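For the sequence shown, the positions run 1 to 296 when full-length UniProt numbering is used.
Note sheet for the following structure.
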Amino acid sequence: MQPSQDQQDLFSLIQHDGGDNSISRRRFLHTALGAGFAAAALPVCAQTMITTPDTGLVTGQFSVDVQGQAVPVYLAKPAKGSNFPVILVTSEIFGVHAHIADVARRFAQAGYLAVAPDLFVRQGNPAAYPTIAELISQVINKVPDQQVMQDLDAVLAWTKTQGGDISRAAITGFCWGGRITWLYAAHNPSIRAGVAWYGRLTGNQSALNPQHPVDIAAGLRVPVLGLYGAKDTGIPLSSVEAMQKALAQGKSQSAFHVYPDSGHAFHADYRPSYMEADARDGWQRCLQWLRDHQAV
Numbered sequence: 001m002q003p004s005q006d007q008q009d010l011f012s013l014i015q016h017d018g019g020d021n022s023i024s025r026r027r028f029l030h031t032a033l034g035a036g037f038a039a040a041a042l043p044v045c046a047q048t049m050i051t052t053p054d055t056g057l058v059t060g061q062f063s064v065d066v067q068g069q070a071v072p073v074y075l076a077k078p079a080k081g082s083n084f085p086v087i088l089v090t091s092e093i094f095g096v097h098a099h100i101a102d103v104a105r106r107f108a109q110a111g112y113l114a115v116a117p118d119l120f121v122r123q124g125n126p127a128a129y130p131t132i133a134e135l136i137s138q139v140i141n142k143v144p145d146q147q148v149m150q151d152l153d154a155v156l157a158w159t160k161t162q163g164g165d166i167s168r169a170a171i172t173g174f175c176w177g178g179r180i181t182w183l184y185a186a187h188n189p190s191i192r193a194g195v196a197w198y199g200r201l202t203g204n205q206s207a208l209n210p211q212h213p214v215d216i217a218a219g220l221r222v223p224v225l226g227l228y229g230a231k232d233t234g235i236p237l238s239s240v241e242a243m244q245k246a247l248a249q250g251k252s253q254s255a256f257h258v259y260p261d262s263g264h265a266f267h268a269d270y271r272p273s274y275m276e277a278d279a280r281d282g283w284q285r286c287l288q289w290l291r292d293h294q295a296v
């Protein structure tokens, strides 16, 4: 069976080569939630990879029951205090690996209760697939948006038991999770803000993916900041422009910042696509967006 156009487009977003700074596949295979990397994400660039300490934090893997399904989550929060603002961290197709856990710790160091749920748990383990094409066809393309919304709702509610203040909740996500960020902001208007990192904006509609961000833009009420790269070959600027036009019909006060010299995955410090200056700027814009919209 030939891959669909959406499959081909998603595959083009995440191609990479190792280069001289890559780390061996054997060393970095994913072993547990928040540790290692999926085989399909390798090789890893060690010299640019950021490691955020867990000093002063509570971190670890937990489980949230969603209608009888145990959904694993990686949690990071300050060790002292309570009533923390909550941020949902939605992963790339590679799942909750070391980089996503590190992003959660970065938010925790900034005062958030950050949770990164395994949103693929019913369909399969991303670490088990050796290639991106197999991962997409065997796992990613079988995940219903409705299931993801349901899981995020349950995980967000669960954070109350861990000291989270869900009246100050936000969501962020990368690539696959960037698209989910836009959709969840439309699904749950009670969250304060979203930050979508190079998430797909358009696509073919299907039973599992009945809408895409451009389809919900006009009715969006939650302010979402989109951080995108002008050289992203999988997400052309024309789709960003289409999203901006659709957003202009609504009242969400959402916005975009496009980095002219970056392509896809410019924030992924473990990959050759990483652009340090733009990643750092994007991180500061992310935190400021959350502050501006009282998600702190």
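Note that beta-carbon positions come from the ideal geometry of N, C-alpha and C, so glycine has one too.
Treat the numbers as computed from the prediction; the structure is a model and nothing was measured.
Item to check | 7 Å CB neighbourhood of residue 148 in its chain, flanking five on each side removed | outcome: 119 and 180
Checklist entry - Below 8 Å between beta carbons: does that hold for residue 48 and residue 269? => result yes
Item to check | Among 58, 289, 214 and 296, nearest to residue 76 - alpha-carbon criterion | outcome: 58
Checklist entry - How is residue 99 classed by DSSP in three states: helix, strand or coil? => result helix
Checklist entry - Buried or exposed: where does residue 202 fall if 16 or more other Cβ atoms within 10 Å of its Cβ makes it buried? => result buried
Next on the checklist: Below 8 Å on the Cβ atoms is my contact criterion, and I expect residue 235 with residue 285 to pass it. Report the Cβ-Cβ distance as a whole number of Å.
Outcome noted: About 18 Å separates the two Cβ atoms, so there is no contact after all.
Checklist entry - Which of helix, strand or coil does DSSP assign to residue 181? => result helix
Checklist entry - Between the Cα of residue 103 and the Cα atoms of 161, 197, 82 and 65, which residue gives the shortest distance? => result 197
Checklist entry - Taking the C-alpha atoms as reference points, what is the distance between residue 39 and residue 74? => result 20 Å
Next on the checklist: Using only the alpha-carbon positions, how far apart do residue 170 and residue 66 sit?
Outcome noted: 20 Å
Item to check | DSSP three-state assignment for residue 273, whether helix, strand or coil | outcome: coil
Item to check | Assigned exposure category for residue 92 - 16 Cβ within 10 Å defines buried | outcome: buried
Checklist entry - Which residues does DSSP pair with residue 43 in a beta bridge? => result Residue 43 pairs with nothing; no bridge assigned.
Checklist entry - Hey, how far is the Cα of residue 141 from the Cα of residue 100? => result 21 Å
Item to check | C-alpha distance - residue 228 paired with residue 193, whole-angstrom precision | outcome: 17 Å
Item to check | Cβ-based neighbour list, residue 244, same chain, cut-off 8 Å, excluding 5 preceding and 5 following | outcome: 256
Next on the checklist: Given a cut-off of 8 Å on the beta-carbon distance, is the pair residue 247 and residue 295 in contact?
Outcome noted: no
Checklist entry - Which term fits residue 219, buried or exposed, when burial requires 16 or more other beta carbons within 10 angstroms of its beta carbon? => result exposed
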